[in-house]
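Participant: Protein chains in written order, with UniProt numbering: chain F, 1 to 341; chain S, 1 to 341; chain D, 1 to 341; chain A, 1 to 341. Glycine residues also receive a C-beta, built at the ideal position from the N, C-alpha and C atoms. First the structure, then my questions, so here it is.
There are 4 protein chains.
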Amino acid sequence: MRIGVLTAGGDCPGLNAVIRSVVHRALTGHDDEVIGFEDGFKGLLDGRYRKLDLDAVSGILARGGTILGSARLERDRLREACDNAKDFSREHGIDVLIPIGGEGTLTAARMLADAGLPVVGVPKTIDNDISSTDRTFGFDTAVGVATEAIDRLKTTAESHQRVMVVEVMGRHAGWIALESGMAGGAHGICLPEREFDVNDLVRMVEERFSRGKKFAVICVAEGAHPAPGTMDYKKGAIDRYGHERFSGIGNALAVELERRLGKEARPVILGHVQRGGTPTAYDRVLATRFGWHAVEAAHRGEFGKMTALRGTDVTMVPLAEAVTELKRVPADRMREAESVF
Amino acid sequence: MRIGVLTAGGDCPGLNAVIRSVVHRALTGHDDEVIGFEDGFKGLLDGRYRKLDLDAVSGILARGGTILGSARLERDRLREACDNAKDFSREHGIDVLIPIGGEGTLTAARMLADAGLPVVGVPKTIDNDISSTDRTFGFDTAVGVATEAIDRLKTTAESHQRVMVVEVMGRHAGWIALESGMAGGAHGICLPEREFDVNDLVRMVEERFSRGKKFAVICVAEGAHPAPGTMDYKKGAIDRYGHERFSGIGNALAVELERRLGKEARPVILGHVQRGGTPTAYDRVLATRFGWHAVEAAHRGEFGKMTALRGTDVTMVPLAEAVTELKRVPADRMREAESVF
Amino acid sequence: MRIGVLTAGGDCPGLNAVIRSVVHRALTGHDDEVIGFEDGFKGLLDGRYRKLDLDAVSGILARGGTILGSARLERDRLREACDNAKDFSREHGIDVLIPIGGEGTLTAARMLADAGLPVVGVPKTIDNDISSTDRTFGFDTAVGVATEAIDRLKTTAESHQRVMVVEVMGRHAGWIALESGMAGGAHGICLPEREFDVNDLVRMVEERFSRGKKFAVICVAEGAHPAPGTMDYKKGAIDRYGHERFSGIGNALAVELERRLGKEARPVILGHVQRGGTPTAYDRVLATRFGWHAVEAAHRGEFGKMTALRGTDVTMVPLAEAVTELKRVPADRMREAESVF
Amino acid sequence: MRIGVLTAGGDCPGLNAVIRSVVHRALTGHDDEVIGFEDGFKGLLDGRYRKLDLDAVSGILARGGTILGSARLERDRLREACDNAKDFSREHGIDVLIPIGGEGTLTAARMLADAGLPVVGVPKTIDNDISSTDRTFGFDTAVGVATEAIDRLKTTAESHQRVMVVEVMGRHAGWIALESGMAGGAHGICLPEREFDVNDLVRMVEERFSRGKKFAVICVAEGAHPAPGTMDYKKGAIDRYGHERFSGIGNALAVELERRLGKEARPVILGHVQRGGTPTAYDRVLATRFGWHAVEAAHRGEFGKMTALRGTDVTMVPLAEAVTELKRVPADRMREAESVF
């Protein structure tokens, strides 16, 4: 079998572990050949690829990033890809394509599959917001990085009687904020799934100060939004550089809390450190398992599906099922977090 | 409600996170009182306990160990405990006991429950070998510590053309060896679940050297055992200090490999560093959730059960079901690991 | 001897290690008594202090922050302190005051010493910019945190062909940027000590892309400043929230580079994570040594001095000498860094 | 200029950082050529080397081990090397050799220099025991690994009322034990520089237990030795596998303490994890500076010397001076550590 593999979308610790696992399983478990397309779907369209043997994936298990590169694909070129889907197999001589990516990539993968290309997807997102799989690799690393930051900020906040607002990734789903907030022992957690009332946060901080705990750490997802009327904040607002991104909810909330509380409040925007670097052991294991099972599924001819973790098992689920809606933090998971503030 | 909590058995990162979570949920979610028994069941028998309020559990989320202490209970005293089980509720005025512990503790918990004490258990083991729960807290931390060690040993092995044998914990189940071996990219993994043939390891190392990879790392669980006749090793053997524990499989295997390969082989016995210190974010979240659900179960009157992770949910399972047999690494999980050697 | 100790100024990993060391040395090496003033000089003025015995400092060696709290002192109150300096000894019955702090604190310490209070200072700053000492504790931790961030950002930058701009602490001295930039292998380092020409950075990035290295990481101190006319940036500029601090050089430089290069550039502002949390081993050792020597100096009657690292020795230097000018990165240290871009 | 570089002796985090720095400085600061000999002096003798350009050293700054490999050289072959020293320059066309290594390597370097080969040495040892330099790279990483282990063991020891004996590296000098013991807050530290009396340790532990601190951690260098008559221990003793190395002082001391104290004592032998893996920021900076200065010294014609850290400066010292005697822990450094037990 000749397998094509590519990585697309934002960076995510564990991508290299999947690539390595696909190559190892294909070459040592079967007698396959593996080629890697460069820069995501662009490499597929442009025919830019290289052969991947054991040496090519040596030493990459613990390395962040992706040795194949990644890039976003414009909508037009995706359509072009779908029109030529059937030809790819012939052109590059591949029997199956294993795209590793997030929601956008998996949607593209599904369209390619529908258009006739044998595809086995591997889900990837640090946001953990893909339906049909219990967890995605990269998420554990992101939560670990955010938790370590909260750990560090807590001692500073306590010594200096401050409020710290930590903004973590999560535009549409608040998994990173939820888990790093719980793990770091944040005193408030704001998620995109539910508008927060800034008055609740003010009350919580004041209550803490009144009982002698003269500090607080609040963990806020970048996509969290205040309830209308509770705070002046427009997500789409543009800063003086003409960029929205430096004026997110973290900064705004710190300013608002400082104003209302009359106490020092400092924002920390974690940003891209959450999606780079060495993956945790958990993510390496999950990524390795996903790669293994993707190759096995290919050999069983289970196309149009993606790998998924269900409990302790890795199974295959239809791509169609996986990308219909985002996996959001349910109300009962929020409740679990609330009691430890 | 008045809740008694205790920690028993070996150390495990996340114990303090459970205690903290129980106290927070009980005090802020309900209007409960919580007392903590000292040194496990001994404190229960001797009536040594202290009241746990929010201040008592402040700052312990990320701390290893247990603020309540832990100790093993002799068989006789356990019988004594069972005989007096019903009296404990009256004596200490507790409505429920939440013991946090491993297989032995949960068995004791079950006996106490059978004897009439309202009990809600919380499973704990770095070995991840308790049936009925997908994972236990502490395991992720242990795997993380072992993986970091393997990462470090790999570069040394490679630079100096050596074989490194890393012995990790796992007397009866090989989960730590399996996952840290996969995450660290070990070239051989030996588990208690299946006797290993030292000839296979020799062949693997020689094959690696012959294709220019002049090093190898082998990850071996302390309970792994060579197939009879393949290597001289008696688990029960006594070293010159009269102690078995310094002459485990890690040392023996390194000696054997060095002898057969004619290459330097070095053992590293990780030991107790795997079960101490700051828990990972994953373990803190799981421990916090277990504590939360234990309190909720107590309020619902679900006694004789323990918390368990099933997929992404924390549910309650009968203690009886949980402790009947150890959860061992199944054959298909071993297969997943084998292709990446 | 009765020793008073206090911590003042911004947070710095290792403060607790100094406190612990002072207490241990004073109590076990001598037969002293130690009291700790709360919230820096405020506690001294308000007479808020508590006795510190071995139990009070148990378990704090590796903990960030300061168990004594810290606060800034207004100029007026400092004058008040100096006016009453001699009375403090009598009032609180202290024979010596050991203030642990940065430039401001040590200047205050010197004024108190001049006013007649027996003082032995301990220098503290993550910025490493205090003259007369080779290094200060806290610096190594800050560099470690920044380096880990750069490590993570590098893999992301590489996979996604991006420029990453990391802003680290350092308002007046660029030590953190210099060492984390060198340790992380940043491709450009901008320090407060020398205006940078944004054209140089543009050229460097373009040169890298042209030889196939399609990414770059630039490490910039918060106090770095572009050469006039090379880039539109006013340090004092106010953002739409009325706050200067969210519009620092890191954000501005990323915007500028993206505009000029026509490539994605992303800023990451590390902020307060650099000054909190567990100190590195290096910082714990240095802090412990400083505490030890401060007590010894007090017993020798060497007042008006502070501890300092010179080579491998801890010695005492006059406070007057230490606070006259900031220790800035010299030109030859910059040159060492430049060749590895 | 044509520069030859090689790495010899045991593994040490930072070796790759030196190699990278030499190449960067030589190629971008000057117009040099660099070749790397494989497997230490063996490559020099056998003429095995490869050209090192910027690509060859890309991405290795943070990687443990050495891309050039390392090996011990037999005495005979060293003599052979010295006899041919002058020819090497001609044969391989090198103008200078930069050997990176420990005491043995530097002695060999000195002999080669005496025999007429232009040599600039770079000192390397995790043990920090080379005279003439304040610190060596690799040491900080080793101390960091050991400290993290002690941190972890402390919480376990405390929860389970145990004595933990941690054996760290250091055959002839106790720097790692001293600094990791201080940083980890060990309650006893045993160094090769001074025989320890096991009775002192017993007393210390008993005193701790008696005042309610029912645990202790003892940090012992592998080369530490009990005072004659205080404990049965022969360093050269052979275990049942015919190997001395599994029966070191750590195991023996744990057994002895358990016997005398009647309390659980557990040994942890850290071993090779201390000398592998990613170097700390400190070590990367020092290694990078050493590489830079070695190239500069070569261009100034300062042969027969090695790089050395003195205070904050990197200077050049004669090889002859550096290798005459080991740098041992002086008495005053031991005293500093003793008060914090």
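1) From the DSSP output, read off the bridge partner residues of residue 305 (chain D).
2) Taking the C-alpha atoms as reference points, what is the distance between residue 329 (chain S) and residue 219 (chain S)?
3) Closer than 8 Å, CB to CB, is residue 158 (chain F) near chain D or not?
4) Can you tell which of A:2, A:54, A:19 and A:146 has its C-alpha closest to the C-alpha of residue 124 (chain A)?
5) Looking at C-alpha atoms only, which residue of D:154, D:288, D:175 and D:332 is the closest neighbour of residue 347 (chain D)?
6) Taking 8 Å as the CB-CB limit, is residue 284 (chain D) close to chain A?
7) Using a Cβ-Cβ cut-off of 7 Å (strictly less than) and excluding sequence neighbours within five positions of residue 201 (chain D), which residues of its own chain qualify?
8) Would DSSP call residue 254 (chain S) helix, strand or coil?
9) Can you say whether residue 180 (chain D) is buried or exposed, counting buried as having 16 or more other CB atoms within 10 angstroms of its CB?
10) Whole angstroms are fine: how far does the CA of residue 136 (chain S) sit from the CA of residue 185 (chain A)?
11) For the stretch 321-332 of chain A, which residues have a CB atom closer than 8 Å to at least one CB atom of chain D, in sequence order?
12) Going by the CB atoms, is the gap between residue 70 (chain D) and residue 9 (chain D) shorter than 8 Å?
13) Would residue 319 (chain F) and residue 286 (chain F) be called neighbours here (beta carbons separated by less than 8 Å)?
14) Among the residues of its own chain, which have a CB less than 6 Å from the CB of residue 324 (chain S), if the five just before and after it don't count?
15) Which one of F:172, F:296, F:261 and F:255 has the shortest CA to CA distance from residue 207 (chain F)?
16) Can you give me the Cβ contacts of residue 35 (chain D) inside the same chain, cut-off strictly under 8 Å, excluding the 5 residues immediately before and after it?
17) Please go through the same chain and pick out, in chain order, the residues whose beta-carbon is closer than 8 Å to the beta-carbon of residue 311 (chain A), but skip the five residues on each side of it.
18) In the DSSP assignment, find the alpha helix (DSSP H) that holds residue 154 (chain S) and state where it starts and stops.
19) Buried or exposed: residue 105 (chain S), going by 16 or more other Cβ atoms within 10 Å of its Cβ?
20) In the stretch 177-189 of chain F, which residues sit with their C-beta less than 9 Å from some C-beta in chain S, listed in chain order?
21) Once DSSP output is grouped into helix, strand and coil, what is the label at residue 313 (chain S)?
22) Can a CB atom of chain S be found closer than 8 Å to the CB of residue 52 (chain A)?
23) Check whether the Cβ of residue 175 (chain A) lies closer than 8 Å to any Cβ atom in chain D.
24) Quick one: give me the first and last residue of the beta strand (DSSP E) that residue 49 (chain S) is part of.
25) So for residue 190 (chain A), helix, strand or coil by DSSP?
26) Looking at the secondary structure, which residues open and close the beta strand (DSSP E) in which residue 33 (chain A) lies?
27) Could you tell me whether any Cβ in chain A is nearer than 8 Å to the Cβ of residue 258 (chain D)?
28) Only counting runs of 4 or more residues, tell me where the alpha helix (DSSP H) segments fall wholly within the stretch 58-136 of chain F, in order along the chain.
29) Do you know how far the Cα of residue 168 (chain S) is from the Cα of residue 276 (chain D)?
30) From this set, D:127, D:227 and D:44, which residue's C-alpha is nearest residue 103 (chain D)'s C-alpha?
31) Assess, as a yes-or-no matter, whether the stretch 104-123 of chain S is touched by the stretch 146-155 of chain S under the definition of 3 or more beta carbon pairs within less than 8 Å.
32) Checking 8 Å against the spacing of the C-beta atoms, do residue 317 (chain F) and residue 273 (chain D) come in under that value?
33) Check the Cβ of residue 212 (chain S) against every Cβ in chain A and list those closer than 7 Å, keeping chain order.
34) Just checking: is the beta-carbon of residue 201 (chain A) within a distance shorter than 8 Å of some beta-carbon in chain S?
35) Secondary structure at residue 326 (chain S), three-state DSSP: helix, strand or coil?
36) Reducing DSSP to helix, strand and coil, say where residue 9 (chain F) ends up.
Facilitator: The answer reads as follows:
1) D:120 and D:318
2) 15 Å
3) yes
4) A:19
5) Only positions 1 to 341 of chain D appear in the structure, and residue 347 (chain D) is not among them; the question remains open.
6) yes
7) Here the set comprises 188, 218 and 257.
8) DSSP places residue 254 (chain S) in helix when its eight states are reduced to three.
9) buried
10) 30 Å
11) Of all residues in the stretch 321-332 of chain A, none has a C-beta nearer than 8 Å to a C-beta of chain D.
12) yes
13) no
14) none
15) F:261
16) 2, 3, 4, 5, 49, 50, 51, 52, 92 and 94
17) 134
18) From DSSP, the alpha helix (DSSP H) with residue 154 (chain S) extends over 139-160.
19) Buried, because 16 or more other Cβ atoms sit within 10 Å of the Cβ of residue 105 (chain S).
20) 178, 179, 180, 182, 183, 184 and 185
21) strand
22) no
23) Answer no: the Cβ-Cβ gap between residue 175 (chain A) and chain D never drops below 8 Å.
24) 49-51
25) Here residue 190 (chain A) sits in strand by DSSP.
26) 33-37
27) No, no contact with chain A.
28) 75-83, 85-91 and 103-114
29) 33 Å
30) Per the Cα distances, D:127.
31) no
32) No, Cβ-Cβ distance for residue 317 (chain F) and residue 273 (chain D) is not below 8 Å.
33) The premise fails here: residue 212 (chain S) is roughly 12 Å from chain A at the closest Cβ pair, so nothing lies under 7 Å.
34) no
35) strand
36) Reduced to three states, the DSSP call for residue 9 (chain F) is coil.
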